[in-house]
Amino acid sequence: RRQKLLRPGKSLYRALLDSVTLSDENVKFQIIHEENKVLLQVEVCEIESNIFRLKIDEAAPLRARYKVPDVLIKEPTTQRLSMSQKEAGILVVSSVNEDYRLKVTANPFEMELQSKGETVLSMNSNGLLYFEHLQQPPSDRKPTAENEDAASDSSKEKQENLGLWQEKFGSFLDIKAHGPSSVGMDFSLHGFDHVYGIPQRTEALLLKNTSDGDAYRLYNLDIFGHKIHDKIGIYGSVPLLLAHKPNRTSGIFWLNSSETLVDISTKAVAEHMLSGSAAETAKQRAVPLTDVRWMSESGIIDVFLLMGPTAFDIFKQFAQLTGTQALPPLFSLGYHQCRWNYEDEQDVKAVDAGFDEHDIPYDVIWLDIEHTDGKRYFTWDKKKFQNPRKMQEQLRKKKRKLVVIVDPHVKVDPTYTLYSQAKDKGYFVKDRNGQDFEGICWPGSSCYLDFTNPEVRRWYGDQFAFKTYKGSTNILFVWNDMNEPSVFRGAELTMQKDAVHYNNWEHREVHNLYGFYQQMATAEGLIRRSSGKERPFVLTRSFFAGSQKYGAVWTGDNTAEWGYLKISIPMLLTISMAGISFCGADVGGFIGDPEPELLVRWYQAGAYQPFFRGHSNMKSKRREPWLFGEKNTQIIREAIRERYVLLPYLYTLFYRAHTAAEPVMRPLWIEFPGKIETFGVENEYMLGNALLVHPVTEREARAVSVLLPGSEEIWYDFRKLKRMEDPGILKIPVTLENIPVFQRGGTVIPLKTRAEKSTEWMTDISYELHVALDTEACAIGELYLDDGHSFQYLHKKQFLYRKFTFHKNILSSSCTDESGQYHTTCVVEQVIVLGFGQQPTSVTACSKGNGKEKEVVFTYDTKTSALTLENLALSVYADWEICIN
Ligand code: MIG
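For the sequence shown, the positions run 1 to 885 when the UniProt record's numbering is used.
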């Protein structure tokens, strides 16, 4: 708020270039504020693979300022910069390979980052660097001649108005123990006018200009029934912004966990071009420029400039800093059935049986807060769940799992062990007077575990040990909700900023990290309960940069309306671009009752999204997939089966997310970075590089308008196996049966030949490959395979990573990673080649090693140009070739 008073203009900061020091790690110098004379220390370093880090802190702070811990996976490896120029008022440093130059102008202080002569980014060029230095509280200050001035113009009244030492929110008084400490800075992105990222909100894909309205806000809040098109932040925050133009993608990662605002303004500026001949006058052309202003309530300025240059490079760079997506256990990519609440053991049994009766696959049934004894997490309601172990044994027999909810608030009840232990050990967040902070939540009066404390996380994780968590078994996994944290009747329904955490840090410093830490503690606890052997599954509502390492996130309390189905696509794309691939929205919409058509459309969309869970509110009518008439049941069954058949592809994509930081669900522009028409597309998306999915989000739609990008591309209808006429915008007729999905020419998609009751029933089901040819009649694809649940893929290299290549009418299967070994008897049963030019005369298959060639049965459909090869029985495990003559 105060910071907003600073308008663009000449910066009051001046760099003291005499103070420059250069070391192996960084370049350091000081800057001074011309009015208050406070010195700031600036540190710039280059991190391997095109990342620059800029840190600004007070040169001599009154006390240490908060620096976000635990988000970076390691101290980044820096590269030595070299000083290439230092003259009056200017300093230029270059990267080792000389690709990048950083120019520092002393007065006013400004920095510019160039890549091979092209200015990509400038900093403080609008003079919005802002840094409130820590001060003594007014009452402690001795009136000296020097600060008398300051004292008079910052009279008590004025200070309160600006909220320096305390601020009122409705009936809440926020006492700022350490006074004002906000920081901020502006960045100008040259040539960019498409910006993305900074989840989470119920908003469009492209970030909008904020100059005539509210700034984007990053402040984790529990917002029930969040409104569509709102800049306010909801449950999670990732302070990563991406900017894209046809030949370059750049990223800004602002590492700060306090309340943060982002202002964005795009404009056209004139660029002077030096013309070829001196006789000609310089020409001008308008180029876009996007100004991004970050403002945080507290902490320091610690910002990573991700230089790409491609979007995939940005994802890798961000993962290099914050980690990649955890590889999910395979079951968690199946369908999840949730509701608030499945009442009791009988209910669970009946719902489970319902899936078998209706022949619908599913993997996990969920229990919401009512399963506990009075909202005491880690316990069971003894009447409704008399024998939770037996219930889990029954589910286990069906090869299915259970997920239970575990919230971060703890009921104040001295007879509840979790509470009394945590209280004795001092594990709760404190209020500003040093008492355990108490707030109201589901159980009534509650305390909040201080997950920022590593000891608390350890202890909390240990609560998941089978011995400690009575009634739990190894098919039980966890859901962390309400971890923004949600505090009923709290300011904005969350914890007061002046609450106190581990090491005396105020809540305001760590707010956006609270959920991140709970999920971390939970995931690590689940790993430990299996002695490090099994992959955990933890769903969280609140998140921060790096949460991808601990599991999945969902978009919280959406509403059963068409608009929410539609907006869920850009919401999930934005979360995906911020590193969190494993994300989903409640299928059907949490609040209210979807009309059957909406529910059907939501299942069809969800089946092609990373985390696939049906969920509904307590007040909503029951919503199991078979309750909406035979026809709708049939269509939903088909959608869920398509999901299960697609799992080999999806699991492979998750392996890529895990190892190479490629988002599973991605906006079109990432695959087609040079095609401007894709930059704003948010009603369809790519699942990996091979599938384009266009969910139907309108009632009674007869047709949808689909963009098949890339003039040199061939696209195929994924179900009809037929080549689409031409790329471009096509009007595609739709029925209620399914949604448009297309396979891109040049790709191979591995599928299962059929779906079964759950993922575990499908282990031995054979594979089918969809080989879609491009204009050169080539295609390439992959299959990743392991036991689906343990860490053996990592520790013992027990996995298979295969590659399928179609070239010159030969489809070959080879190994992508020789270091992996995994035994399976599974075979590739069928291959369909899409877009095959003409009827072959013969087809032979030959496994390498045994050298025997055998004839392959095939059928060729002249109408669709699809060639189907059957009864192949080629081992997934072995190298082989199929030759088409
Ligand atoms: O304020 O646990 O978003 O999925 O069913 C409601 C009950 C609390 C909010 C979650 C929702 C969950 C519900 N929870």
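The C-beta atom is built at its ideal place from N, Cα and C for all residues, glycine as well.
In this text the structure is predicted, and so the values were computed from the model without any measurement.
Asked                                                                                                                                                                                              : Found
May I ask you to report which of helix, strand or coil DSSP gives residue 111?                                                                                                                     : strand
I think residue 581 touches residue 663, with their Cβ atoms under 8 Å apart; what is that distance to the nearest whole Å?                                                                        : 5 Å
CB residue 195 to CB residue 243, shorter than 8 Å?                                                                                                                                                : yes
Quick check on the DSSP output: the beta strand (DSSP E) that includes residue 364 runs from which residue to which?                                                                               : 364-367
If you measure between the beta carbons of residue 938 and residue 518, is that distance less than 8 Å?                                                                                            : There is simply no residue 938 to check, as the chain begins at 1 and stops at 885 in what is shown.
Mark residue 135 as exposed unless 16 or more other C-beta atoms lie within 10 angstroms of its C-beta, in which case mark it buried.                                                              : buried
Among 563, 560, 596 and 552, which has the Cα closest to the Cα of residue 576?                                                                                                                    : 552
Determine the burial state of residue 96: buried for a count of at least 16 other Cβ atoms within 10 Å of its Cβ, exposed for fewer.                                                               : exposed
Whose CA, out of 478, 835 and 309, lies closest to the CA of residue 246?                                                                                                                          : 309
Hey, is the region 493-509 in contact with the region 169-182, meaning 3+ C-beta pairs nearer than 8 Å?                                                                                            : yes
If you run the structure through DSSP and keep just helix, strand and coil, what is residue 181?                                                                                                   : coil
State buried or exposed for residue 453, treating a residue as buried only when at least 16 other CB atoms are found within 10 Å of its CB.                                                        : buried
Taking one C-beta from the region 590-610 and one from the region 631-647 each time, how about it: are there three or more such pairs within less than 8 Å?                                        : yes
Could you spell out where the alpha helix (DSSP H) holding residue 459 opens and where it closes?                                                                                                  : 454-462
Per DSSP, which residues does residue 887 bridge with? Please list them.                                                                                                                           : Outside the shown range of the chain (1 to 885) lies residue 887, about which nothing can therefore be said.
With DSSP as the reference, please indicate the residues paired to residue 750 in a beta bridge.                                                                                                   : 769
Please decide whether residue 410 counts as near chain D, where near means a Cβ-Cβ distance under 8 Å.                                                                                             : No chain D is part of this structure, which consists of one protein chain only.
Given this structure, state the Cα-to-Cα distance separating residue 685 from residue 225, to the nearest angstrom.                                                                                : 25 Å
If you compare alpha carbons, which of 387, 462, 784 and 781 is closest to residue 421?                                                                                                            : 462
Across which residues does DSSP place residue 200 in a beta bridge pair?                                                                                                                           : DSSP, once it has assigned bridges, lists no residue as partnering residue 200.
Which partner residues of residue 38 appear in the DSSP bridge assignment?                                                                                                                         : Beta-bridge pairing links residue 38 to no other residue.
So what's residue 634 in DSSP terms, helix, strand or just coil?                                                                                                                                   : helix
If you draw a straight line from the C-alpha of residue 163 to the C-alpha of residue 529, how long is it?                                                                                         : 47 Å
With 16 other CB atoms within 10 Å as the buried threshold, where does residue 631 fall?                                                                                                           : exposed
Please go through the same chain and pick out, in chain order, the residues whose beta-carbon is closer than 6 Å to the beta-carbon of residue 357, but skip the five residues on each side of it. : none
Going straight from the alpha carbon of residue 279 to that of residue 270, what length do you get?                                                                                                : Any reading at residue 279 needs caution, since the residue's pLDDT is 46, under 50, leaving its predicted position unreliable; the model's value is listed next. So the two alpha carbons sit approximately 21 Å from each other.
In its own chain, which residues sit with a C-beta less than 7 Å from the C-beta of residue 43, not counting the 5 before and 5 after it?                                                          : 26, 28 and 55
Restricting to runs no shorter than 4 residues, where is the alpha helix (DSSP H) found entirely within the region 617-661?                                                                        : 629-660
Suppose the cutoff is 6 Å on Cβ atoms and the five residues either side in sequence are ignored; what does the same chain contact list for residue 809 look like?                                  : 884
Can you tell me where the beta strand (DSSP E) holding residue 93 begins and where it ends?                                                                                                        : 90-94
Which class does residue 541 belong to by DSSP, given the choice of helix, strand or coil?                                                                                                         : coil
Report the rounded CA-to-CA distance for residue 741 versus residue 719, giving the unit in angstroms.                                                                                             : 8 Å
Quick one: what's got a C-beta closer than 8 Å to residue 130's C-beta in the same chain, skipping five residues either side?                                                                      : 3, 6, 182, 183, 184, 185 and 295
Is it the case that the CB of residue 424 approaches a heavy atom of the ligand MIG more closely than 7 Å?                                                                                         : no
Can you find the residues in the same chain that come closer than 7 Å, C-beta to C-beta, to residue 456, ignoring five residues on each side of it along the sequence?                             : 427, 449 and 450
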